[in-house]
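Visitor: For reference, the structure I am asking about is given below.
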Amino acid sequence: MRELRRDLAQAGRYLTQSLRLMVGVPDYGSYLAHHQATHPDRPAMTYEEFFRERQAARYSARVGKCC
1 MRELRRDLAQ AGRYLTQSLR LMVGVPDYGS YLAHHQATHP DRPAMTYEEF
51 FRERQAARYS ARVGKCC
């Protein structure tokens, strides 16, 4: 029963992450893991900084382009 609960919880986390990515909400946990692994000497962005940076990257890339 414990394994079933663990598996359902993991499936719920995957589903939540997938839904967030589908609607354009970036995954802060993945960012933190990547940042710690590749840039441990630099401070990580706060969630608010991360969210603003991702939104700017998503929407500013299309400004002024036809396609």
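Residue numbers (the working numbering): 1 to 67. In this text, a Cβ means the ideal position worked out from N, Cα and C, and glycines have one as well. Since we're looking at a predicted model, the values are computed, not measured.
#1: Is the separation between the beta-carbon of residue 52 and that of residue 24 shorter than 8 Å?
#2: Alpha carbon to alpha carbon, what distance is there between residue 47 and residue 54?
#3: Suppose you measure from the CA of residue 50 to the CA of residue 22; what does that come to, to the nearest Å?
#4: Please specify which runs of the alpha helix (DSSP H), each continuous and at least 4 residues long, are wholly inside the region 29–65, giving them in chain order.
#5: Starting from the Cα of residue 32, find the closest Cα among 20, 45 and 10 and give me that residue.
#6: Quick one: Cα of residue 9 to Cα of residue 19, how far?
Guide: Checking against the coordinates, here is how it stands:
#1: Working through the sequence shown from its first residue, we reach residue 52 at position 52. Working through the sequence shown from its first residue, we reach residue 24 at position 24. No.
#2: The sequence position of residue 54 within the sequence shown is 54, counting from 1. The sequence position of residue 47 within the sequence shown is 47, counting from 1. Taking the straight line from one Cα to the other gives about 10 Å.
#3: Position 50 of the sequence shown, counted from the first residue, corresponds to residue 50. Position 22 of the sequence shown, counted from the first residue, corresponds to residue 22. One C-alpha to the other measures close to 18 Å.
#4: The region 29–65 contains these whole alpha helix (DSSP H) runs: 47–60.
#5: Taking the first residue of the sequence shown as 1, we reach residue 32 at position 32. Closest in alpha carbon position to residue 32, among 20, 45 and 10, is 45.
#6: Mapped onto the sequence shown, residue 9 falls at position 9. Mapped onto the sequence shown, residue 19 falls at position 19. Straight-line Cα distance between these residues: approximately 15 Å.
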